[in-house]
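The numbering of the sequence shown is our numbering, which starts it at 33 and goes up by one.
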Amino acid sequence: MIEQESTPGGPPPTLRPVRGAARCAVAALALAAVAWVVRAVWHLRLAAAGEPASGPPNQGDGVHRPLNALEDSYHLVSSAGAGVTAVCAIVFLFWLDQVRDNAKALTGANPRYGDGWLWLGWVVPVANLWIPRGVVADVHSSVFPERPLPTVVNWWWGLWLLGLAGGVGIIYADDTDEVIARAYHDVVPLLTADVVIVAAAAAAALMVHTLTTAQQEQIARKGY
């Protein structure tokens, strides 16, 4: 926390540094995008190789055949991608928590959604379709009520929802062996989801930069 010196008319708000958190969030989002590009490359490799004569890895009734080298490497790629995505989510939420606190300090107004929704809004069914966007939108609109919401926020959220749709992309409905089988037989939906997620990560990085820059400019104008 950064304690500001007192100024005439009352003490200024206590503000949290956000530039470092923003840089970390952008870097994490870039790393997540790379992880999903790598996953897309493996989807293409699986599709090009074709399903082995022994059939899919999961052969039903609890029977799994031994994986070949390509399938085994996809398991590693998938696990690494999931880990990178989890770290990215934590770093992004840390940034969002900081800019949200600053918005509250600058305006003196409580956010529309309470502190718990910063985390629960992503996992509560149905509510996760709009609350995370609402939390981000509040950060901007509370400080800049006269400005329209930056377009990149809607692009990010639209792409995020597309990445969640249909059980492909960010959260797979199938286990890894079932995804491998899908890559063998119908790779296009998997590749489409990969592209959407990479685009969502890029939009999120631009959004982080846009909102952080705007908030820092507002802080500078107010002389804090």
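In this text, a Cβ means the ideal position worked out from N, Cα and C, and glycines have one as well.
*8 Å contact criterion, which Ala60 and Cys120 should meet: CB distance rounded*: 4 Å
query = Is it buried or exposed for Asn134, if we count other Cβ within 10 angstroms and need 16 for buried?
reply = buried
ask   = For the alpha helix (DSSP H) that Phe126 lies in, which residues bound it at each end?
value = Ala101 to Thr139
Of the listed residues Pro89, Thr46 and Thr117, nearest to Ala64 (C-alpha basis): Comparing Cα positions, the closest option is Thr117.
>> Going by beta-carbon coordinates alone, are Gln130 and Val175 separated by less than 9 Å?
In response: no
Val73 to Gly87 span [Cα, whole Å]: 22 Å
Please go through the same chain and pick out, in chain order, the residues whose beta-carbon is closer than 7 Å to the beta-carbon of Trp192, but skip the five residues on each side of it.
-> So the list reads Ala232, once near-sequence residues are dropped.
Counting C-beta neighbours from all protein chains within 10 Å, is the total for Gly115 16 or more, i.e. buried, or is it exposed? exposed
*Looking at C-alpha atoms only, which residue of Pro89, Ala85 and Ala57 is the closest neighbour of Val123?*
Ala57
Q.
With a threshold of 8 Å on Cβ separation, who are the neighbours of His217 within its own chain once the five nearest residues in sequence on each side are excluded?
A. Glu83
Worksheet item: Run through DSSP, which three-state label would Leu181 get?
Response: coil
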